[in-house]
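A.B. asks: In order, the protein sequence lines correspond to chains A and B. According to my numbering, the first sequence is numbered sequentially starting from 534. According to my numbering, the second sequence is numbered sequentially starting from 534. Below is a structure I'd like to ask you about.
2 protein chains.
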Amino acid sequence: MNDTKLIDIASALGISVTTVSKALKGYTDISKSTRARVLEMAETMNYIPNSVAVNLRTNETKTIGVIIPATVHHFFSSVLNGILEEAEKRGYLVIILQSNEKYELEKKQLALLIQKRVDGVLMSLSNETDDFTHINEAIRKNTPVVLFDKIAKRVDCSKVVINDAKAAFDAVSYLINKGYKKIAHFRGSYVPQNSIDRFLGYKRALEAHGIEYDSKLVYVCDNNTDFEDGYENAQKIMTENPDIDAIFAITDLVAIGIIKYFNEAGIKTPEQVAVFGFSNWFMSTVISPKLTTIDQPGFEMGHQAVSLLIDEIVDIKEHRPVTHQIIELPTRIIERESTVK
Amino acid sequence: MNDTKLIDIASALGISVTTVSKALKGYTDISKSTRARVLEMAETMNYIPNSVAVNLRTNETKTIGVIIPATVHHFFSSVLNGILEEAEKRGYLVIILQSNEKYELEKKQLALLIQKRVDGVLMSLSNETDDFTHINEAIRKNTPVVLFDKIAKRVDCSKVVINDAKAAFDAVSYLINKGYKKIAHFRGSYVPQNSIDRFLGYKRALEAHGIEYDSKLVYVCDNNTDFEDGYENAQKIMTENPDIDAIFAITDLVAIGIIKYFNEAGIKTPEQVAVFGFSNWFMSTVISPKLTTIDQPGFEMGHQAVSLLIDEIVDIKEHRPVTHQIIELPTRIIERESTVK
DNA sequence: TTTAAAATCGAAAACGTTTTCGAAAACTCC
DNA sequence: GGAGTTTTCGAAAACGTTTTCGATTTTAAA
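Here you go:
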């Protein structure tokens, strides 16, 4: 306790706090000799500046807030690692909040972060949010926001995303080119943009290859926390549409649920029905057969998001005009066993 | 921008900032009527207190820091979720830092958190740290620290742990009771307490059941990020000690590496050699055969750690004597396919 | 009507910095 | 030795709150 403050150094040296402060910060109007004395005294007295006081005076906290919609697992885990690494590199701390896919909570948490005076916030939208005034309000108040992964096209800010529609299109085209003909889709819920986009990619790929889209082949998996959804819908589809030969799943998690059911039910993957996942999560290489999937660069996404955000923070601080960027990270198909006969 | 401040409300109402502040905080020496006027004006002017100023004045930040040694994956992911949930419930924000198993980084990050004036810090030690002066220093300066999972017995603070030695003892005893006789152990590196304790539990269980301990049957897996270690050591042990009939692995991750190798090499699990994991991570039920493991309550650990920490924070604030607790969370065996013939 | 008690308010100090601006001291140059 | 420069320093304001303590006003009691 009893941290040493500027005034302690000042009185120990018989000089003013002003001089001490300037000496420590390298102002040029302090003589070499007193600067040296201050530095030494600060060292021996183990001086550590009080960040809160500095924050108040300088009006910046060197802290960014992050709101993620889901529990820290799977994909967000990678993003978070990217965020933490880049933030550390740039000298910022990060406060994490999770909205549990609830709009009201997301709104409250954003307000909390602003109240805490974070310098900026990174967020991925909850499945529920279709009103963006809280975000626009934050931006209007000069707290920069950058959206990642689950974004809103209508919000004017920087974003880092993948092209979900294209990735899905590629995935389904791959399946078609491999000779699969009756391809089902296990989609996510109806609100999130990436769920919509992946569905559209699926649909367009079918149409582009002259396969008629059949709405009976799309099943909804809106539980993001375990693979039960994929498991149960796999069971369902095999009684309702036993003649499918491939499933394109919205996430690796549901894909794994599917494969688990198939394994238990004695349905051969990929011989009888192929399975294609999405995200390239860690366990997609653990399961057997190993899952073909789309590599979604979560770590890189976290990196870029932080980078954009901090760039914008300093632009604002230096009164430069801010320009919003939309970074689209490349995805690629990771071919493994679940689609290769 | 241009947040409204106390003085704005005050001058709008023709009263002093003191009165406004008191009215907002419910002081009893403000009349009902002016209090009502202040509240209403604060509402219409959309007043939000400046947390930084409050922090400076009250000398608390309502923020806790968390230092985890490894990337946010697997076990720490669960702990983090528990931390976030409990912290939110108690009105604290959480700043996350990861030390990447480096002592120097851990030390630096702890100093950073203290400089930032967090009210307390939660940490799980890096594999490298065998010097605890940085932690003792933090505690001495009145920043409470609670250790979880990877702790140091010699640091005097609250801790929340599992009994690694007992859990390992139980696991190995279970294997012995199942009739396995030549049981290997894939241990972690030499410094971390839980690695040591699990090894000791293994050794004691053997001895308690009259099986001679053979140091040639313990292999070191010190890479915590993927399952290559388990995979490679599995390969190695089957040439060096092909007659083993069970392996007790320090984590599910290495257990999965083992199973992957066995699956590829055509070694039957558990018929030829059984595999026992540790932690009950998500994918232990994904792999085939499903993994028998020890359930390590990560979420609960996060919960309890935050709870202990915040209790201590308020004890210190109210000048009550602080008492350090050590909470030992129960573990249990989850029997699945990898050990049941 | 006077006095004591209670209710209501505000001035000012404090939290620990940073930064502006002016003053004093030390040089330079003739 | 005096005018002009350059170095070096510090007083004070500011960031936005909270809280102490005294002052004033109102109410109650006598």
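Ideal placement from N, C-alpha and C gives every residue a C-beta, glycine not left out. Small disclaimer: the values here were computed from a predicted structure and weren't measured.
(1) Taking 8 Å as the cut-off, does the stretch 802-810 of chain A touch the stretch 640-658 of chain A (at least 3 CB pairs, one atom from each stretch)?
(2) Can you tell me which of the three DSSP states Phe809 (chain A) falls into?
(3) At which residues does the alpha helix (DSSP H) containing His606 (chain B) begin and terminate?
(4) What three-state label does DSSP hand Ile820 (chain B) in the structure shown?
(5) Does DSSP classify Ile783 (chain B) as helix, strand or coil?
(6) Which one of A:Glu773, A:Arg720, A:Thr594, A:Phe795 has the shortest CA to CA distance from Asp755 (chain A)?
(7) Under a CB-based cut-off of 8 Å, is Tyr672 (chain B) close to chain A?
(8) Taking Cβ-Cβ distances shorter than 8 Å, what residues in chain B pair up with Thr594 (chain A)?
(9) Specify, as a first and last residue, the run of the alpha helix (DSSP H) that Phe732 (chain B) falls within.
(10) Mind checking Gly743 (chain B): buried by the 16 CB within 10 Å criterion, or exposed?
(11) Looking at the unbroken alpha helix (DSSP H) that takes in Gln648 (chain B), where does it start and where does it end?
(12) Is the shortest distance between the beta-carbon of Asn614 (chain A) and the beta-carbons of chain B less than 8 Å?
(13) For Ala575 (chain B), which residues of its own chain have a beta-carbon under 7 Å away from its beta-carbon, when the five flanking residues on both sides are left out?
(14) Taking Cβ-Cβ distances shorter than 7 Å, what residues in chain A pair up with His857 (chain B)?
(15) Mapping DSSP to helix, strand and coil, what is Ala717 (chain A)?
(16) Would you identify the three-state DSSP class for Phe702 (chain B), choosing helix, strand or coil?
(17) Can you list, in chain order, the residues of its chain whose CB lies under 8 Å from that of Ala644 (chain A), leaving out five sequence neighbours each side?
(18) With 8 Å as the threshold, decide whether the Cβ of Asn877 (chain A) is near any Cβ in chain B.
(19) Verify the CB distance criterion: does Ser821 (chain A) have a CB-CB separation below 8 Å to chain B?
(20) Could one say the Cβ of Val627 (chain A) lies closer than 8 Å to chain B's Cβ atoms, at least one of them?
(21) Need the endpoints of the alpha helix (DSSP H) that Tyr764 (chain A) sits in, please.
(22) Lys692 (chain A) by DSSP, collapsed to three states: which one?
(23) Can you check whether the C-beta of Leu617 (chain A) is within less than 8 Å of a C-beta belonging to chain B?
(24) Using a Cβ cut-off of 8 Å (strictly closer), state whether His718 (chain B) contacts chain A.
(25) Between A:Ser728, A:Ile597, A:Gly831, A:Phe702, which lies nearest to Lys736 (chain A) when the distance is taken from Cα to Cα?
(26) Ordered along the chain, which non-local residues of its own chain (more than five positions away) have a Cβ less than 7 Å from that of Lys715 (chain B)?
(27) Could you give the distance in angstroms between the alpha-carbon of Asn774 (chain A) and the alpha-carbon of Val705 (chain A)?
(28) Just to make sure I have the definition right: I need the residues of chain B whose C-beta is within less than 7 Å of the C-beta of Gln631 (chain A). Which are they?
(29) So that I know if they touch, is there some Cβ in chain B lying closer than 8 Å to that of His852 (chain A)?
(30) At 4 residues or longer, and completely inside the stretch 563-627 of chain A: list those alpha helix (DSSP H) runs for me, N to C.
(31) Under 8 Å between C-beta atoms, does Asn710 (chain A) make it to chain B?
(32) From what residue to what residue does the beta strand (DSSP E) around Thr826 (chain A) run?
(33) Cutting at 7 Å between CB atoms, please list the residues of its own chain near Glu851 (chain A), excluding the five before and the five after it.
(34) What does Arg650 (chain A) reach in chain B if we use C-beta pairs closer than 8 Å?
(35) Alpha carbons only, please: which of A:His606, A:Arg570, A:Val553 is nearest the one belonging to Thr784 (chain A)?
(36) In this structure, what does DSSP give as the bridge partners for Met656 (chain A)?
C.D. replies: With the given structure in hand:
(1) no
(2) strand
(3) Secondary structure note for His606 (chain B): it is in no alpha helix (DSSP H), with a DSSP letter that is neither H nor E.
(4) coil
(5) coil
(6) The residue with the shortest Cα to Cα distance from Asp755 (chain A) is A:Arg720.
(7) The question names Tyr, but residue 672 (chain B) in the sequence shown is Ile. Taking Cβ atoms only, chain A never reaches closer than 8 Å to Ile672 (chain B), which makes this a no.
(8) Val585
(9) Residues 726-741.
(10) Classification for Gly743 (chain B): exposed.
(11) 636-648
(12) yes
(13) Ile542, Leu557
(14) Residues of chain A passing the Cβ test: none, with the nearest at roughly 18 Å.
(15) strand
(16) helix
(17) His667
(18) No information on residue 877 (chain A) is available, as it lies outside the stretch 534 to 874 that chain A covers here.
(19) yes
(20) yes
(21) Going by DSSP, Tyr764 (chain A) is part of the alpha helix (DSSP H) stretching over 761-773.
(22) Strand at Lys692 (chain A).
(23) yes
(24) no
(25) A:Phe702
(26) Asp776, Ile777, Asp778
(27) 18 Å
(28) Leu617
(29) no
(30) Positions of the alpha helix (DSSP H) runs, each at least 4 residues long and wholly inside the stretch 563-627 of chain A, are given as 565-577, 584-591, 607-622 in order along the chain.
(31) Contact with chain B is absent for Asn710 (chain A), since none of that chain's Cβ atoms lies less than 8 Å from the residue's Cβ.
(32) It spans 826-828 - the beta strand (DSSP E) in which Thr826 (chain A) sits, taken as one unbroken run.
(33) Here the set comprises nothing.
(34) Asn583, Ser584, Val585
(35) A:His606
(36) Answer by DSSP bridge pairing, in chain order: A:Ile600, A:Leu680.
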